[in-house]
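Student:
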Amino acid sequence: MGRAFTPAAVIVLCVWRSVAAAEFPVRPETDVEPLTREVQAGDVIVLQNGTWRDADLKFERLPGTEDEPIHIRAETPGQVVLTGQTEFRFSGTHVVVSGLVFRNTDGVSDVMQLRTHSERHAHHCRVTDCVFEQTPEGEAGSESRWLSVYGTNNRIDHCDFAGKRSRGPTLVVWVNEEVEQHRIDHNHFGSRPPLGRNGGETIRIGTSEVSELDCRSIVEDNYFHACDGEAEIISNKSCENVYRHNLFEACAGALTLRHGHRCRVEGNVFLGRTKGGTGGVRIIGQQHSVTNNYFEGLRGDAERAAICLMNGIPNGSLNGYAPVEKAVVSHNTFVDCKVSVEIGVGVGRRQSAEPADCRFTHNAFLPDKWPVFRVHVQPRAFVWEANRLESDRMHENELVTIRRSDLLFTRHDDGLLRPVSAEGIRTGIESGEKYDLDGHPRSDATLAGCDDPSTPLRQLPSAATTGPSWRTRQ
């Protein structure tokens, strides 16, 4: 399983390792602790095909490098199934875990952790092409987290998460004094049925206790489908994270900036499919920006409106509602949403701080029969500029006057309503937004809405473009 050599072979070994890595086969009965002490940069740990029940796999302090990462992989991608009370933990640097299936796991608090000890975390590591799932015949089970991300500069990509019915977030990023800078991309987050209480988030980044710390992680190019676990599909609880180019389809919840400040939500598509409770972005805290997003067919209101600005608690605790201040909501397109913008949700004696000093600019509203605004408290020092409203589709509102225009949109092959030309969405007022929904430079910074009709289209995330490359999708 390992390698054996005499002292005389040491010099030769140094040359040999530059052209060949060692491979360590692991079976369910293998004791991996002595094995991990032998593994060196560039080596490969191969898990034998089959079903592994109640596996306890702990790979400690693996010393990979950027040029020679250590791989932990399935013998055949998708044919190593870990189930029951399985725990998979690893720490170290530059480790790649791939091809594993975690199915109907139960009885442990964390199925996979990117750490082996409270002070031994993973750094510059990657989890890719893995599946975390609960099948219909599996028991709901006890509270658990499927994937807990610790350390810094790790990547979670091309994985599939679906069917979780137990309490606990599907994926958690843990935040501390280090700036984590993780990347979560090209994953398929599939159906998660309603939990009926808190604790059903699909992704949570941070906790209220550390919510004032910078995390600077990126969640991009993921496909979220029917993630109905609770009101918060994503629960942001740290600062300076970026959520971009994701597709949320028929998800009964919202991307919630619950705690933290200075986060960016940009270039995402929210398709409600007229399903009840489907929402967009809920804003709490300071200096968030919500730009270039597309919202259509959302049927949520209050906390699940397309855009919700909560009322805050003055000088409140970290687990309360921080006042909304200096938010920017710009260049978004709203189509047939039950409530496009809801302001001052939760207002009361305790939540008495109204949203303040926010900017709503260059948004395009195509509301159909629905009201654009629902206002619970008059916001303070808002700027309303260069927004456009499709004519003859809405009654006058008391909050702000939006210029009515003939917004010429057509249904594109990707299913989105996109402007035919700049006519009707040109405002004559420059904005600071340089890019559009598709991530391309705008030809005209005066256009309202998320899409510049002159730029190329970006392919939307889907079941076919996310998740493991080896898994055949129906």
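Going letter by letter, the sequence shown gives residues -21 to -1, 1 to 453 in mature numbering (1 follows the signal peptide of the UniProt record, and there is no 0). A virtual CB, placed ideally from N, CA and C, is assigned to each residue, including glycine. Bear in mind the structure is a predicted one, so any value in this text is a computation, not a measurement.
May I ask you to list the residues that DSSP assigns as paired with T107?
Tutor: Answer by DSSP bridge pairing, in chain order: S77 and D136.
Student: Could you name the residues that DSSP lists as bridge partners for L396?
Tutor: Answer by DSSP bridge pairing, in chain order: R390.
Student: H137: buried (16+ other C-beta within 10 angstroms of its C-beta) or exposed?
Tutor: By the neighbour-count rule (16 or more Cβ atoms within 10 Å), H137 is buried.
Student: What did DSSP end up calling C(-8) once you bin it into helix, strand or coil?
Tutor: Interpretation of C(-8) is limited by its pLDDT of 39, a score under 50 that renders its predicted location unreliable; no figure is taken from the coordinates.
Student: Under DSSP, the beta strand (DSSP E) around L250 begins and ends at which residues?
Tutor: That run of the beta strand (DSSP E) goes V248 to L250.
Student: Would you say H419 faces chain D, with C-beta separation under 8 Å as the test?
Tutor: In the structure shown, chain D does not exist; there is a single protein chain.
Student: Nearest to F168 by alpha carbon, out of T15, S196 and L150?
Tutor: It is L150.
Student: Please classify I322 as buried or exposed, where buried requires at least 16 neighbouring CB atoms within 10 angstroms.
Tutor: Buried.
Student: Quick check on G407: buried or exposed, where buried means 16 or more other Cβ atoms within 10 Å of its Cβ?
Tutor: Exposed.
Student: Are the stretch 351 to 359 and the stretch 413 to 420 touching by the rule of at least three beta carbon pairs closer than 8 Å?
Tutor: With a cut-off of 8 Å, the stretch 413 to 420 and the stretch 351 to 359 do not count as touching, because too few Cβ pairs lie within range.
Student: Going by CA-CA distance only, name the one from T380, R283, D193 and I49 that's closest to R16.
Tutor: Out of T380, R283, D193 and I49, I49 has the C-alpha closest to the C-alpha of R16.
Student: Are the CB atoms of G259 and F249 within a distance shorter than 8 Å?
Tutor: Yes, Cβ-Cβ distance for F249 and G259 is below 8 Å.
Student: With a threshold of 8 Å, are at least 3 pairs of Cβ atoms found where one atom belongs to the stretch 81 to 94 and the other to the stretch 428 to 443?
Tutor: No, they do not touch.
Student: On the DSSP letters alone, give me the boundaries of the beta strand (DSSP E) that V189 sits inside.
Tutor: Here V189 belongs to no beta strand (DSSP E), and DSSP marks it neither H nor E.
Student: I need the DSSP call for R146, collapsed to helix, strand or coil.
Tutor: Note: R146 maps to coil in three-state DSSP.
Student: So what does DSSP say about L14, is it helix, strand or coil?
Tutor: Here L14 sits in helix by DSSP.
Student: Express the C-alpha separation of A233 and Y202 in angstroms, rounding to a whole number.
Tutor: Each residue's Cα considered, the two are about 14 Å apart.
Student: Rounded to the nearest angstrom, what separates residue 485 and G142 at their Cα positions?
Tutor: Nothing about residue 485 can be read from this structure; the chain reaches only from -21 to 453.
Student: Just mark S370 as buried or exposed, buried being the case when its beta carbon has 16 or more other beta carbons within 10 Å.
Tutor: Per the 10 Å Cβ criterion, exposed.
Student: Using only CA atoms, which one of E333, L61 and E98 lies nearest to R40?
Tutor: Among E333, L61 and E98, the Cα nearest to that of R40 is on E98.
Student: Does the distance from the CB of D385 to the CB of A401 come in under 8 Å?
Tutor: The answer is no: Cβ separation not under 8 Å.
Student: With respect to 7 Å, is the separation between the Cβ of W349 and the closest non-hydrogen atom of the ligand GDP below this value?
Tutor: As far as ligands go, the structure on display features none, and thus does not contain the ligand GDP.
Student: What does the alpha-carbon distance come out to for the pair C(-8) and H391?
Tutor: Residue placement at C(-8) is poorly supported in this model, since its pLDDT is 39, which falls under 50; the coordinates still yield a value, given next. The straight-line gap from Cα to Cα measures roughly 58 Å.
Student: Rounded to whole angstroms, what's the CA-CA distance from H240 to M289? Just pull it up for me.
Tutor: Their backbone Cα atoms lie some 14 Å apart in a straight line.
Student: For E39, report the span of its beta strand (DSSP E) as first-last.
Tutor: Element bounds for E39: D35 to P42.
Student: What are the partner residues of W31, as DSSP defines its beta bridges?
Tutor: DSSP lists L61 as partners of W31.
Student: Go to W125, then tell me how far its beta strand (DSSP E) extends in each direction, as first and last residue.
Tutor: Counting along the chain, the beta strand (DSSP E) containing W125 begins and ends at R124 to V128.
Student: Could you say which of L345, C337 and Q19 lies nearest to V362 if we only look at CA atoms?
Tutor: Here the closest residue by C-alpha is C337.
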